[in-house]
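Peer 1: If you're matching them up, the sequences are chains B and H in order.
Numbering that gives the first Met the number 0 puts the first residue of the first sequence at 0, with every later residue one more than the last.
Numbering that gives the first Met the number 0 puts the first residue of the second sequence at 0, with every later residue one more than the last.
Yeah, the Cβ is synthetic: ideal placement off N, Cα and C, and Gly gets one too.
The structure follows.
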Amino acid sequence: MMLDVLDACKYAVKKALELGATEVEGFAAGGKEINVSIERNEIKMGKSQELSGIGVRVILDHSLGFASVNNLTKAEIAKTAENAVGLAKRAPPLKFNELPGVKPVRKVEGLYDPRSKDFTMDDALENATKLLKTAKDYDPRVTVDSGYFSADVGRSAVANSSGVEASEEACAFTHVILGMAVEADDVSSFDYRFNGTRRVDEIEVETSARALAETVVNSLGAKKTESFKGTVILNPNTVVDLLAPVIVFSTNSNAVQKGMSRFAGRIDDKVASEDLTVRDDGLIPGGLGSSSFDREGLPHRPLPIIEKGVLKNFLYNTLTAKKEERESTGHASGGISGPPRIAPTNLMIEPGDADIDSLIGETTKGVIISRFSGDPDPISGDFSGAVKGGYLVENGEKMSPIKETLVAGNVFELLNEISGISKETERIMSFIAPWVRLENVSVTSA
Amino acid sequence: MLKKCLSSFSGDYAEMRFHERKSTYIRMAAGELEDASYLKNAGVGVRALVDGSWGFSSTNVLERSAIESGLRDAEKAAKVASQNRTEKVEGLAGIELAKGTFRPVVNDPVENHSLEEKMNLVIEAEKTAKDESKNVKSAISVYSELVDRKIVANTDGAEFELHDVKPEFYVYAIASENGDRVAAAKTASVTGGWKDLWRRKEPQQLALDACDLASKLLHAKHAKGEAATVILEPSLVGLISHEAIGHTVEADFVLSGSITKGKLGQKLASELVTLVDSGNPPEDSHGTGNVLVDDEGVPARTTRIIEDGVLKSYLHDRETALMFETEPTGNARAFEHTDEPIIRMTNTYILPGDHSLEEMIEDVKEGYLMRGAGGGQADSNAEFMFEVDEAYRIEKGEVKELLRGVTISGQAFDVLKSVDAIGKDFLLDIGVGFCGKFQRAKVDGGGGAVRCKAIIGGRQEG
Chain B
0 MMLDVLDACK YAVKKALELG ATEVEGFAAG GKEINVSIER NEIKMGKSQE LSGIGVRVIL
60 DHSLGFASVN NLTKAEIAKT AENAVGLAKR APPLKFNELP GVKPVRKVEG LYDPRSKDFT
120 MDDALENATK LLKTAKDYDP RVTVDSGYFS ADVGRSAVAN SSGVEASEEA CAFTHVILGM
180 AVEADDVSSF DYRFNGTRRV DEIEVETSAR ALAETVVNSL GAKKTESFKG TVILNPNTVV
240 DLLAPVIVFS TNSNAVQKGM SRFAGRIDDK VASEDLTVRD DGLIPGGLGS SSFDREGLPH
300 RPLPIIEKGV LKNFLYNTLT AKKEERESTG HASGGISGPP RIAPTNLMIE PGDADIDSLI
360 GETTKGVIIS RFSGDPDPIS GDFSGAVKGG YLVENGEKMS PIKETLVAGN VFELLNEISG
420 ISKETERIMS FIAPWVRLEN VSVTSA
Chain H
0 MLKKCLSSFS GDYAEMRFHE RKSTYIRMAA GELEDASYLK NAGVGVRALV DGSWGFSSTN
60 VLERSAIESG LRDAEKAAKV ASQNRTEKVE GLAGIELAKG TFRPVVNDPV ENHSLEEKMN
120 LVIEAEKTAK DESKNVKSAI SVYSELVDRK IVANTDGAEF ELHDVKPEFY VYAIASENGD
180 RVAAAKTASV TGGWKDLWRR KEPQQLALDA CDLASKLLHA KHAKGEAATV ILEPSLVGLI
240 SHEAIGHTVE ADFVLSGSIT KGKLGQKLAS ELVTLVDSGN PPEDSHGTGN VLVDDEGVPA
300 RTTRIIEDGV LKSYLHDRET ALMFETEPTG NARAFEHTDE PIIRMTNTYI LPGDHSLEEM
360 IEDVKEGYLM RGAGGGQADS NAEFMFEVDE AYRIEKGEVK ELLRGVTISG QAFDVLKSVD
420 AIGKDFLLDI GVGFCGKFQR AKVDGGGGAV RCKAIIGGRQ EG
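Dropping the structure here:
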């Protein structure tokens, strides 16, 4: 017999305490996934499965142990609690290892849509087909390598030995599409788009499909450009891929405390151009990054991160907060397969006052980037990668698509080189981002 | 039991895969044990081919009724998907499928080593890396292992049990001085046992090496950007073979229109180059990508992707093998029981040649010696760019100073065309971490060292 997620957590707490744990936390999740996948321009497979599991965190005289299992039967939970206690017995202590107490949690609306119960494999098929067909109909040269539409409905719960007990039902409808364009011997760059929603009546896949098709078709017949140092205009997608990871890493209190963040010791310092305001809010109704409580059962709260270019706050969970004798900001994150980490919830880069056309219109010489391929190093901020779906801008005009173009620089330096942010924003999964224009970026033709 | 569950099935094909995974993960960062976890994940994944389309389901309830209901769900899902499929799956290529029990070569099983021992090793390594040099103020060390057991049965006659053990370890040292920061990593990973994991270097030595490299990089100069002669050690040969060549020959990607589509039989590399993918490479290489039997029951083999410079084969599962009228290559793999098998590489490498590394360096007037794969990216047209952990300048046949912030880029097939020497010392050396393609997979790559031409990138100073 599988237990309900909250009962499973409570049972894990009871069992681990019996085995000598000082403190215990159970985090469990269970639900159903319906997925229709796409491969090489065809519907590939239907998938339906039920998943469940629990992660047990044990603290024994300030030593940490963690174990998990993909099963919610009493026998497996008891064994898992025993494994976690066994690990804690062998681990060195860290005096900050303590669990949080109870804090009032307010329910965030819009995380569960009751219509999700009636969502079928046929509905998923209809959306996957629309995703594929929209991209193919845009232009016959588009080839969809892979993708899927997925409907996930489930419940998660957390309980600990200090009395925290919370559970919540949620659903998400997400999709991904990957592809390229092929014309005779010309194979374009690879590109992908993804998005999602929690409401059945807000499911919409065409935007992603068209954006993918447009990027890959336009990068056919792309020309090389010359090397220069100048303006770069990032679309929201690229803001999320290039700027956001460095900001997220550097404002993670764990990275700050361990000497890995360039933002360490810089609260209230100016770290970016005045135009830049970044905040995190896990309480947005219906947000894909929203939930009523975090991985430790604590409430989220809206948190300013960078305000008009000034660094305001780092993100904390209970462990990192204890080290500085402060409160968690409600950013404990993760699932059943590891101890809580730290992550943003819904991360928003505030819109500016320019429109996209004027960002381009004011540019003498620059490049528009639809996708950045490469990983910025979050510690140093250095990045070097390829421009995908790029366009040259000359004297305010969007010119030809470009290929084999690299951009390189340092994200920390570029945050101070923002010369414009668009009014328009896009929601991409749990991010909301505008278009951002940067100056003094090295653009190199390969 | 799996076989009994299959007996009621009336579609074209069905398979059942019991997969139990026990994993351990220990992570130490900046003097703190951040994670000490033991994870168990077990269940049965069921895949069915009905009406020319695939369906999949899984269950974590290990009872006959649950598994049978999983089969019905997979059948139903296949029927639904089939409605909007224009071209149906025609079938699966025939081949003798595996029967029996398969175990990897293991010297000194990891299970014989206690959690204390593994935890202490991680704690000590982090301490060593941090304390050894005044410039290294922060370090991370990680030990992890995946211990797998699978039982697979399918309606085409496969019936086997597969055991697998993949431990790995890495140390990451961050050196800093006057606000300048640089990181270096040293890794070890195998399919095999405790003795196999440390056969090249002990963990303490890896920690010292990471620390030493990070401090040296701090004072190293940036490279200048140029097209140059480079000698790539096996780690970079593996990275390019896997990321920039390997993905473009995965048959699913070929069918989508990758750069190698329609090019079988064409000369795409120097005739010195024979590039293979093998789930069962030479025994002492203990490749992290070893897979003795794939999840469709196809036994491991060595697939010659490029032979003497000519493109000879793609990587297949049974479905694409039938489409290409060839044999499956043992590359169908699923990460966990909740995943369906898809085409994945195993160990991808260039066969060794007859040069010693010294001989290869001797002939270089000006160039670079490179080792250690960093981050990077490769595209569907085989264009790639990777960061290099460790790059040395070569001048008049001698290895000179270490450089930092070096990248290597080019079009992978062009780079392979320029190969003029291959080293005789064989190594698989990119096994730490995972390859991502909707699911994760353990893979490896390497070869002999390779001398070729590529574009070196360096950040412009000033």
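Measure the C-alpha to C-alpha separation of Asn34 of chain B and Gly30 of chain H and round it to an integer number of angstroms.
Peer 2: 43 Å
Peer 1: Where does Val101 of chain B land, buried or exposed, given buried means 16+ other C-beta within 10 angstroms?
Peer 2: Val101 of chain B is exposed by the Cβ-count criterion.
Peer 1: Going along the chain, which residues of the region 325 to 355 of chain B sit with their C-beta nearer than 8 Å to a C-beta in chain H?
Peer 2: Shown in chain order are the members of the region 325 to 355 of chain B whose Cβ falls below 8 Å from a Cβ of chain H: Ser336, Gly337 and Pro338.
Peer 1: Using the DSSP secondary-structure output, state which residues sit across from Trp53 of chain H in a beta bridge.
Peer 2: B:Met44 and H:Leu48
Peer 1: Is Asn402 of chain B near Lys223 of chain B, with beta carbons less than 8 Å apart?
Peer 2: The amino acid at residue 402 of chain B is misidentified as Asn; the sequence shows Lys. Result yes, Cβ atoms of Lys402 of chain B and Lys223 of chain B sit closer than 8 Å.
Peer 1: Between the beta-carbon of Thr214 of chain B and the beta-carbon of Ser369 of chain B, is there less than 8 Å?
Peer 2: Yes, Cβ-Cβ distance for Thr214 of chain B and Ser369 of chain B is below 8 Å.
Peer 1: Report back the beta-carbon spacing between Val418 of chain H and Glu167 of chain H to the nearest angstrom; my notes put them in contact at under 8 Å.
Peer 2: 29 Å between Cβ atoms; not a contact.
Peer 1: State the Cα-Cα distance for the pair Gly408 of chain H and Leu231 of chain H, rounded to the nearest angstrom.
Peer 2: Contrary to the premise, residue 408 of chain H reads as Ser rather than Gly in this sequence. Rounded to whole angstroms, Ser408 of chain H to Leu231 of chain H spans 12 Å at the Cα level.
Peer 1: Candidates H:Val141, H:Ala250 and H:Ser188: which alpha carbon is nearest Glu38 of chain B's?
Peer 2: H:Ala250
Peer 1: For chain B, is any of its Cβ atoms less than 8 Å away from the one on Asp443 of chain H?
Peer 2: no
Peer 1: So for Asp352 of chain B, helix, strand or coil by DSSP?
Peer 2: Correct three-state label for Asp352 of chain B: coil.
Peer 1: Thinking Asp185 of chain B and Gly220 of chain B are a contact (beta carbons under 8 Å), I'd like their distance in whole angstroms, please.
Peer 2: 7 Å
Peer 1: Starting from the Cα of Val163 of chain B, find the closest Cα among B:Phe118, B:Phe26 and B:Ile42 and give me that residue.
Peer 2: B:Phe26
Peer 1: Taking only the alpha-carbon atoms, compute the straight-line gap between Lys3 of chain H and Arg317 of chain H and give it to the nearest angstrom.
Peer 2: Looking at the backbone, the Cα of Lys3 of chain H and that of Arg317 of chain H are separated by about 23 Å.
Peer 1: Name the residue from B:Pro338, B:His330 and B:Gly334 whose alpha carbon lies nearest to the alpha carbon of Glu346 of chain B.
Peer 2: Rather than Glu, the amino acid found at residue 346 of chain B in this sequence is Leu. Nearest of B:Pro338, B:His330 and B:Gly334 to Leu346 of chain B, Cα basis: B:His330.
Peer 1: If you check the beta carbons only, do Gly237 of chain H and Gly446 of chain H fall under 8 Å apart?
Peer 2: Gly446 of chain H sits close to Gly237 of chain H, with the two beta carbons spaced by under 8 Å.
Peer 1: Per the DSSP calculation, His162 of chain H is bridged to which residue(s)?
Peer 2: As computed with DSSP, His162 of chain H is found in a beta bridge with H:Arg148.
Peer 1: In angstroms with no decimal places, state the Cα-to-Cα distance between Gly191 of chain H and Gly286 of chain H.
Peer 2: 9 Å
Peer 1: Specify, as a first and last residue, the run of the alpha helix (DSSP H) that Trp434 of chain B falls within.
Peer 2: Run containing Trp434 of chain B: none in the alpha helix (DSSP H); it sits in the beta strand (DSSP E), Phe430 to Ser444.
Peer 1: Relative to chain H, which residues along the region 88 to 121 of chain B have a C-beta separation below 7 Å, given in chain order?
Peer 2: Residues Arg89, Ala90, Pro91, Leu93, Met120 and Asp121.
Peer 1: As a quick exercise: from B:Val23, B:Leu297, B:Glu225 and B:Lys78, pick the residue whose alpha carbon is nearest that of Val392 of chain B.
Peer 2: Nearest option by C-alpha distance: B:Glu225.
Peer 1: Comparing C-alpha positions only, which one of H:Arg370, H:Glu397 and H:Ala377 sits nearest to Asp388 of chain H?
Peer 2: Answer by Cα proximity: H:Arg370.
Peer 1: Anyone know if the C-beta pair for Val170 of chain H and Ala184 of chain H falls short of 8 Å?
Peer 2: Yes, the pair counts as a contact, with Cβ atoms nearer than the cut-off.
Peer 1: Looking at C-alpha atoms only, which residue of H:Gln265, H:Ala331 and H:Asn346 is the closest neighbour of Glu306 of chain H?
Peer 2: Considering only alpha carbons, the answer is H:Gln265.
Peer 1: Taking Arg16 of chain H as the reference, which of H:Ser56, H:Ala28, H:Leu427 and H:Ser6 has the closest Cα?
Peer 2: H:Ser56
Peer 1: Given a cut-off of 8 Å, decide if Gly444 of chain H and Ser240 of chain H are closer than it, judged by their beta-carbon atoms.
Peer 2: yes
Peer 1: Give, in chain order, every residue of the region 239 to 267 of chain B whose Cβ lies closer than 9 Å to some Cβ of chain H.
Peer 2: Asn253, Gln256, Lys257, Gly258, Met259 and Arg261
Peer 1: Could you list which residues in chain B have their beta carbon closer than 7 Å to that of Gln479 of chain H, in chain order?
Peer 2: Nothing about residue 479 of chain H can be reported from this structure: the residues present for chain H run from 0 to 461 only.
Peer 1: Looking at chain B, is there any beta carbon in it that lies within less than 8 Å of the beta carbon of Met384 of chain H?
Peer 2: yes
Peer 1: Please classify Glu357 of chain H: does DSSP put it in a helix, a strand, or coil?
Peer 2: helix
Peer 1: Using 8 Å for Cβ pairs, my map puts Gly375 of chain H next to Phe385 of chain H. What's the rounded Cβ distance?
Peer 2: Indeed, because the Cβ distance is near 3 Å, the residues count as touching under 8 Å.
Peer 1: Quick check on the DSSP output: the alpha helix (DSSP H) that includes Tyr10 of chain B runs from which residue to which?
Peer 2: Val4 to Glu17
Peer 1: Between the region 273 to 283 of chain H and the region 140 to 158 of chain H, are three or more C-beta pairs nearer than 8 Å?
Peer 2: no
Peer 1: Can you give the beta carbon distance from Leu50 of chain B to Gly64 of chain B, rounded, assuming they're within the 8 Å contact cut?
Peer 2: The Cβ separation is near 24 Å, so there is no contact.
Peer 1: Residues of chain H with a CB under 9 Å from the CB of Ala66 of chain B: which are they?
Peer 2: Ser36, Tyr37, Leu38 and Lys39
Peer 1: Evaluate Phe433 of chain H with the Cβ neighbour count: other Cβ atoms within 10 Å of its Cβ, from every protein chain shown; 16 or more gives buried, anything less gives exposed.
Peer 2: Looking at its Cβ environment, which holds fewer than 16 other Cβ atoms inside 10 Å, Phe433 of chain H is exposed.
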